[in-house]
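Contents: one structure, followed by commentary.
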Amino acid sequence: MKKMLRIASIVLAVVMLVACFAACGKDSDTAKVSLAAKTSTMSAELTEQYAKEYGFDVAYYEDSPTMYTAVINGTNAGCFEDRSVIGWAIQEEGLALKTVGEVENPAAYGFAVKKGTNAELLAMFNAGLANIKANGKYDAILAKYGYESTFADPTAERVESGVTPDKTYIIYSDNAFAPFEYLDTATNEYVGVDMDILAAVAEDQGFEYEMHNEGFDASMGAVQAGQADAMIAGMTITDARRETFDFSDGYFDDGQILVVPADSTATSVADLVK
98 MKKMLRIASI VLAVVMLVAC FAACGKDSDT AKVSLAAKTS TMSAELTEQY AKEYGFDVAY
158 YEDSPTMYTA VINGTNAGCF EDRSVIGWAI QEEGLALKTV GEVENPAAYG FAVKKGTNAE
218 LLAMFNAGLA NIKANGKYDA ILAKYGYEST FADPTAERVE SGVTPDKTYI IYSDNAFAPF
278 EYLDTATNEY VGVDMDILAA VAEDQGFEYE MHNEGFDASM GAVQAGQADA MIAGMTITDA
338 RRETFDFSDG YFDDGQILVV PADSTATSVA DLVK
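Per this note's numbering, the sequence shown starts with residue 98, numbered consecutively.
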């Protein structure tokens, strides 16, 4: 009798083991595809929309370089990124990535302050932006990073903000969003399109500022908490963000595009579905 019970136990164990292998195999076959996304960005919002539509998982990252690495090494099937930023990364850093499909959500970047505050800083930024566009400094800044721009207008009259700055402003920005802001390891200073535009605007308007490159999500939080007067970080102007922030005039037009490994055969988000 004991022998029969032992045999029955062994048979039961084998059956359970086979069932487990079968279930595990089934789970593997139906494993969700995951997309990478940078926290709190417009690209993340677009990724979440597609995740809901196609049943993708979303893995969040604090900075773009880490997100790119996750796509290159296959941790995630793809990501969305601002076209100008990923284009620069692929060309300048030789990343094994490519863009596919069309640009989505075209919009402008803006200098942002907490809603209802720092109106004088926005006025100075807008006036300064208009002036550096007219005098050619804006075009020179974009050309420095490989972008074409033809805003120079020697006939334009100087724009005055009507503000006399009387403080040093605290400005936050991203810390890894090349070419708009990134660390120059040779000088250990942050450089980029946003850094140069802000410097040119401040010089034009005669205000001083203290720069903090803490990351995109941290910058938004600092402005909302009143720890920063403003942020400039490749921040897309949207109606949803206008509920929390006041924006300057747009200073750069961009949009999101799908990014996949260089050897991927995908031509759209739908192609990523297994």
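Ideal Cβ positions, reconstructed from N, Cα and C, are used throughout, including at glycine.
Report task. Would you mind working out which of S131, T166 and F344 sits nearest K195, comparing C-alpha positions? Result -> T166
Query - Minimum C-alpha distance to E305 - residue among A337, A330 and I268 - result: When each option's Cα is compared against that of E305, the closest is I268.
Query raised in the report: Is I278 buried or exposed, if buried means 16 or more other CB atoms sit within 10 Å of its CB?
Result: It should be noted that the sequence gives Glu, not Ile, for residue 278. With 16 or more Cβ atoms within 10 Å of its Cβ, E278 is classed as buried.
Requested in this report: Going by CA-CA distance only, name the one from A148, E145 and F153 that's closest to K129.
Outcome: F153
Report task. Measure the C-alpha to C-alpha separation of V197 and L239 and round it to an integer number of angstroms. Result -> 24 Å
Requested in this report: Note down, in chain order, each residue of its chain lying with its Cβ closer than 8 Å to the Cβ of I187, except the 5 sequence neighbours on either side.
Outcome: L194, K195 and T196
**Report entry** Under the three-state DSSP convention, the category A156 falls into
**Finding:** When secondary structure is reduced to three states using DSSP, A156 falls in the strand class.
Query raised in the report: Should the segment 339-348 be called in touch with the segment 204-217, which here means at least 3 C-beta pairs below 8 Å?
Result: Segments in contact, yes.
Query raised in the report: CA-CA distance, A157 and N223?
Result: The identity of residue 157 in the sequence shown is Tyr, whereas the question assumes Ala. Taking the straight line from one Cα to the other gives about 33 Å.
Query raised in the report: Which residue from A253, Y287 and V210 puts its Cα closest to that of I334?
Result: Nearest of A253, Y287 and V210 to I334, Cα basis: V210.
Query raised in the report: Comparing alpha-carbon positions, which option in R338, Y244 and D360 lies nearest M139?
Result: R338
Report task. Determine the DSSP secondary structure at P251, reduced to helix, strand or coil. Result -> coil
Query raised in the report: Candidates E307, V182, Q302 and I229: which alpha carbon is nearest T265's?
Result: E307
Query raised in the report: In the structure shown, what three-state DSSP assignment does T138 receive?
Result: coil
Query raised in the report: Buried or exposed: G331, going by 16 or more other Cβ atoms within 10 Å of its Cβ?
Result: buried
Query - Close beta carbons around V168, own chain, < 8 Å, minus the five adjacent residues each side - result: A133, A174, G175, C176, L194, V356, V357 and P358
Query raised in the report: Considering K211, what are the terminal residues of the beta strand (DSSP E) in which it resides?
Result: A209 to K211
Query raised in the report: Could one say the Cβ of Q146 lies closer than 8 Å to chain C's Cβ atoms, at least one of them?
Result: This model lacks chain C altogether, as it is built from one protein chain only.
Query raised in the report: For P162, which option in L143, L219, L192 and A141 has the closest C-alpha, if you only look at C-alpha atoms?
Result: L192
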